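Peer 1: According to the working numbering, the residues represented by the sequence shown are 25 to 154, in order. Beta carbons: idealized from backbone N, C-alpha and C, even for Gly. Computed from a prediction, not measured in an experiment: that's the story for all the values here.
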Amino acid sequence: MHANSLSPCITTAKVEESRDFYVKHFGAKITFDCGWYVNLEFGKGASLQFMAPQPDQPSCNPAGLTYNFSVSDVDAEFQLLAASGLVAIMPLEDHPWGDRGFAVQDPNGIVLYIYSDREPSPEFKQHYKS
25 MHANSLSPCI
35 TTAKVEESRD
45 FYVKHFGAKI
55 TFDCGWYVNL
65 EFGKGASLQF
75 MAPQPDQPSC
85 NPAGLTYNFS
95 VSDVDAEFQL
105 LAASGLVAIM
115 PLEDHPWGDR
125 GFAVQDPNGI
135 VLYIYSDREP
145 SPEFKQHYKS
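1. In the DSSP assignment, what residue or residues form a beta bridge with residue 61?
2. Flag residue 90 as yes when its Cβ comes closer than 7 Å to any non-hydrogen atom of the ligand SAH, and as no otherwise.
3. Just to confirm before moving on: does the CB-CB distance between residue 110 and residue 128 stay below 8 Å?
4. Give the single residue among 51, 120, 106 whose Cα lies nearest to the Cα of residue 70.
5. Ordered along the chain, which non-local residues of its own chain (more than five positions away) have a Cβ less than 6 Å from that of residue 46?
6. Note down the Cα distance separating residue 119 from residue 83, rounded to an integer number of angstroms.
7. Should residue 104 be labelled buried (16 or more other beta-carbon atoms within 10 Å of its own) or exposed?
8. For residue 76, which option in 66, 112, 62, 122 has the closest C-alpha, if you only look at C-alpha atoms?
9. Taking the Cβ atom as the reference point for each residue, do residue 95 and residue 31 lie within a distance shorter than 8 Å?
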């Protein structure tokens with residue numbers, strides 16, 4: 025298979041809250057919103073969807089789910105998100121596997137890991153594939 029795009033759709037009772045969160049804090053662009061289903065785009069083809077549970081459909085349990093956001097300047101993003109009132113659940117720090125990042129949570133409990141690439145330590149550099 026050669027997928028043209030890939031994007032997660034979270035089934036949640038918090039569609040409106042999720043939409044507002046990603047628009048306010050992540051600059052998401054709403055490309056479709058019929059109330060019970062919303063599509064959000066984040067530039068360069070990245071998108072998320074949220075939809076209200078349909079009959080006999082369970083809501084998503086996001087425990088353990090993490091979305092990774094690669095950004096050019098993680099320190100600037102950390103400052104912006106902190107200034108907007110978001111509290112990091114993982115501090116901003118360098119990681120030996122090759123990034124500098126921090127994490128926050130969305131209204132559904134999804135962990136949002138925001139990072140910029142860094143040179144990995146020798147311990148991790150050997151695991152990268154060309």
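Peer 2: Here's the rundown:
1. 75
2. Ligands are entirely absent from the displayed structure, and the ligand SAH is therefore not among its contents.
3. yes
4. 51
5. 52, 64
6. 33 Å
7. exposed
8. 62
9. no
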